[in-house]
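Trainee: Here it is: the structure, laid out below.
So, in structure tokens, the structure goes:
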């Protein structure tokens, strides 16, 4: 499959959906559920703006300390929090005594998604935007004026564009999120879209709930692209310009407080889950045996999805490069609700008439591939930046096999391993794709936890949630140990 076909296959599915559902437009079937959209907007604003600001402020405070081990500890904790699925966090809050009695569904959903927003803002602020601020200039300014005025007049103006680049995707992500609110009974636009797809007899008839979404996405992408386009070459973190943060810019207590926040939250989650397990009479071995098939299938399918995603990203990068069309399409796939992405894949599958004993698994892997492709492409882009000497081999006579075996594998093996682990856990994190595309009789881990939350089996939820958290901890440890030192 060529890079162009990989890039445009879901777009073809979208065109099929539009052509197949054109009758709905003429019949007045197009409608937009305003109450659900307003609920989603409230949820998105509450779970994005304050938490993104807190994440950026936390990363600035930790970076200003200048101690590498503190930065790495903060990164590891933030990555782990990001890789804890919202349904796992919801299970944690529901296990806290009295939580559901005092906090509304909107508050709980906002806090669950807010933790994810905080983690994303922290990670991206540290890894991409730290080079924007001169530590020496801040240190010199602090000796003349108060730290508060330094932050307001120097730091804040430099962080406005990073804040926009971080918060806009989070707003869209939280707007279309539906897993946690649906369990709590808070109706959102994402749940409305998913229910239309699941309950529809004809795939094309789900167009009535899709077209307003596509219109909103088109408007949003235009704004986001305008902000991002001028920042692609200037605002991203330059690995060679990290020497600015050499002297503390704030009190040492502040850095440790910010670092302790994710550590305390992680410890609390593990403590509550272990407490629930110890207090029950159910055997750990018994629960693992009952869910052994789910765990094995999840491991196989997420590993295969990660491998397919890596290969597809490389084919795409080698054939299309970093053209604006490719980057824009990757952004489109990133912001598309995965329920809509699954609908596009299903439409292409039905159009081709492909049918075999492996067709259902192939469709599921295709859904995972396009859900993971933006992340895989972005990581490959970072890899090319850090290993820019790849172009040198265009002028050296060496066979591809010898180049791979003696040059690329020793140098990039650790980075490729990290990329594979990140994509595997992102696949583990995905809910909508397996919910809509998984073959009958199969179930992945996050779908199993999602279903158990409806029935209140807290012991099984606790054990399976710990398995998901362990996967996130493994990726966080790999990110700290395997990532290029200059990257962090």
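Residue numbers (this note's numbering): 4 to 491. Quick reminder that beta carbons are idealized off the backbone N, C-alpha and C, glycines included.
Can at least three beta-carbon pairs, one atom from the stretch 455–471 and one from the stretch 83–93, be found at a separation below 8 Å?
Mentor: Counting Cβ pairs under 8 Å, three or more are found: they touch.
Trainee: Assuming contact is defined by CB atoms lying nearer than 8 Å, are residue 305 and residue 427 in contact in what I supplied?
Mentor: Start at 1 with the first residue of the chain shown, and residue 305 comes out as number 302. Start at 1 with the first residue of the chain shown, and residue 427 comes out as number 424. Result yes, Cβ atoms of residue 305 and residue 427 sit closer than 8 Å.
Trainee: Check each candidate in 171, 348, 274 and 387 and name the one with the smallest Cα separation from residue 441.
Mentor: Position 438 of the chain shown, counted from the start, is the residue given in the question as residue 441. Cα-wise, what sits closest to residue 441 is 348.
Trainee: So what does DSSP say about residue 353, is it helix, strand or coil?
Mentor: If you number the chain shown from 1, residue 353 lands on position 350. Note: residue 353 maps to helix in three-state DSSP.
Trainee: CA-CA distance, residue 180 and residue 405?
Mentor: On the chain shown, position 177 is the one that residue 180 refers to. On the chain shown, position 402 is the one that residue 405 refers to. Cα to Cα, residue 180 sits roughly 46 Å from residue 405.
Trainee: From which residue to which residue does the alpha helix (DSSP H) around residue 435 run?
Mentor: Locating residue 435 in the chain shown gives position 432, where the first residue counts as 1. From DSSP, the alpha helix (DSSP H) with residue 435 extends over 435–440.
Trainee: For residue 249 and residue 266, what's the separation of their Cα atoms in angstroms?
Mentor: Indexing the chain shown from 1 puts residue 249 at position 246. Indexing the chain shown from 1 puts residue 266 at position 263. Here residue 249 scores only 39 on pLDDT, less than 50, and its place in the model should not be relied on; the value that follows carries that caveat. Distance between the alpha carbons of residue 249 and residue 266 is about 25 Å.
Trainee: Let me know if residue 500 comes out buried or exposed under the rule of 16 or more other beta-carbons within 10 Å of its beta-carbon.
Mentor: Not covered by the structure: residue 500. The range shown for the chain is 4 to 491.
Trainee: Starting from residue 317, trace the alpha helix (DSSP H) in both directions and tell me its first and last residue.
Mentor: Here residue 317 corresponds to residue number 314 of the chain shown, with the count starting at 1. First-last of the alpha helix (DSSP H) with residue 317: 295–323.
Trainee: Taking only the alpha-carbon atoms, compute the straight-line gap between residue 99 and residue 282 and give it to the nearest angstrom.
Mentor: Here residue 99 refers to the residue found at position 96 of the chain shown. Here residue 282 refers to the residue found at position 279 of the chain shown. The straight-line gap from Cα to Cα measures roughly 14 Å.
Trainee: Between which residues of its own chain and residue 316 is the CB-CB distance below 7 Å, once the five residues before and five after are set aside?
Mentor: By 1-based counting over the chain shown, the position of residue 316 is 313. Counting only Cβ-Cβ distances below 7 Å, and skipping sequence neighbours, we find 376, 379, 380 and 383.
Trainee: Decide if residue 72 is buried, meaning its Cβ has at least 16 other Cβ atoms within 10 Å, or exposed.
Mentor: Along the chain shown, one-based indexing puts residue 72 at 69. Residue 72 comes out exposed.
Trainee: For the alpha helix (DSSP H) that contains residue 194, what are its first and last residues?
Mentor: For the purposes of this step, residue 194 is taken as residue 191 along the chain shown, with counting starting at 1. Counting along the chain, the alpha helix (DSSP H) containing residue 194 begins and ends at 192–202.
Trainee: To the nearest angstrom, how far is it from the Cα of residue 188 to the Cα of residue 52?
Mentor: By one-based count along the chain shown, residue 188 stands at place 185. By one-based count along the chain shown, residue 52 stands at place 49. Cα to Cα, residue 188 sits roughly 23 Å from residue 52.
Trainee: Between which two residues does the alpha helix (DSSP H) holding residue 156 run?
Mentor: For the purposes of this step, residue 156 is identified with residue 153 of the chain shown, where counting begins at 1. From DSSP, residue 156 is part of no alpha helix (DSSP H); its letter is neither H nor E.
Trainee: Measure the alpha-carbon distance for residue 238 versus residue 353 and round it to whole angstroms.
Mentor: On the chain shown, residue 238 is found 235 positions in, with the first residue counted as 1. On the chain shown, residue 353 is found 350 positions in, with the first residue counted as 1. With a pLDDT of 45 at residue 238, under the threshold of 50, the modelled position of this residue cannot be trusted; read the value that follows with caution. Looking at the two C-alpha atoms, the distance is approximately 43 Å.
Trainee: Quick one: Cα of residue 84 to Cα of residue 119, how far?
Mentor: What you label residue 84 is simply residue 81 of the chain shown in a count that begins at 1. What you label residue 119 is simply residue 116 of the chain shown in a count that begins at 1. Taking the straight line joining both Cα atoms gives about 7 Å.
Trainee: Nearest to residue 183 by CA position, among 155, 46 and 223, is which residue?
Mentor: Here residue 183 corresponds to residue number 180 of the chain shown, with the count starting at 1. Residue 183 has its Cα closest to that of 46, out of 155, 46 and 223.
Trainee: Just to confirm my understanding: we take residue 108, look at its own chain, exclude 5 residues before and 5 after, and list those with CB closer than 7 Å. What are they?
Mentor: For the purposes of this step, residue 108 is taken as residue 105 along the chain shown, with counting starting at 1. So the list reads 184, 187, 188 and 189, once near-sequence residues are dropped.
Trainee: Please work out which residues of its chain come closer than 7 Å, Cβ to Cβ, to residue 103, disregarding the five sequence neighbours upstream and downstream, and give them in chain order.
Mentor: To locate residue 103, count along the chain shown from 1; it is residue 100. So the list reads 97, once near-sequence residues are dropped.
Trainee: Measure the C-alpha to C-alpha separation of residue 3 and residue 332 and round it to an integer number of angstroms.
Mentor: Residue 3 falls outside the range modelled here, since the chain spans only 4 to 491, and no answer is possible.
Trainee: Which residues bound the alpha helix (DSSP H) around residue 480?
Mentor: Residue mapping note: residue 480 aligns to position 477 of the chain shown, counting from 1. Segment 461–485, the alpha helix (DSSP H) holding residue 480.
Trainee: Going by other Cβ atoms of all chains shown within 10 Å of its Cβ, with 16 needed for buried, is residue 435 buried or exposed?
Mentor: The residue given as residue 435 occupies position 432 in the chain shown. With 16 or more other Cβ atoms within 10 Å, it is buried.
Trainee: Going by Cα to Cα distance, which pick from 263, 449 and 453 is closest to residue 474?
Mentor: Taking the first residue of the chain shown as 1, we reach residue 474 at position 471. The shortest Cα separation from residue 474 among 263, 449 and 453 belongs to 449.
Trainee: Taking C-beta to C-beta, are residue 1 and residue 452 nearer than 8 Å?
Mentor: Here the chain has residues from 4 to 491 only, and residue 1 is not among them.
Trainee: Can you tell me the Cα-Cα spacing of residue 366 and residue 263, whole angstroms?
Mentor: On the chain shown, position 363 is the one that residue 366 refers to. On the chain shown, position 260 is the one that residue 263 refers to. One C-alpha to the other measures close to 43 Å.
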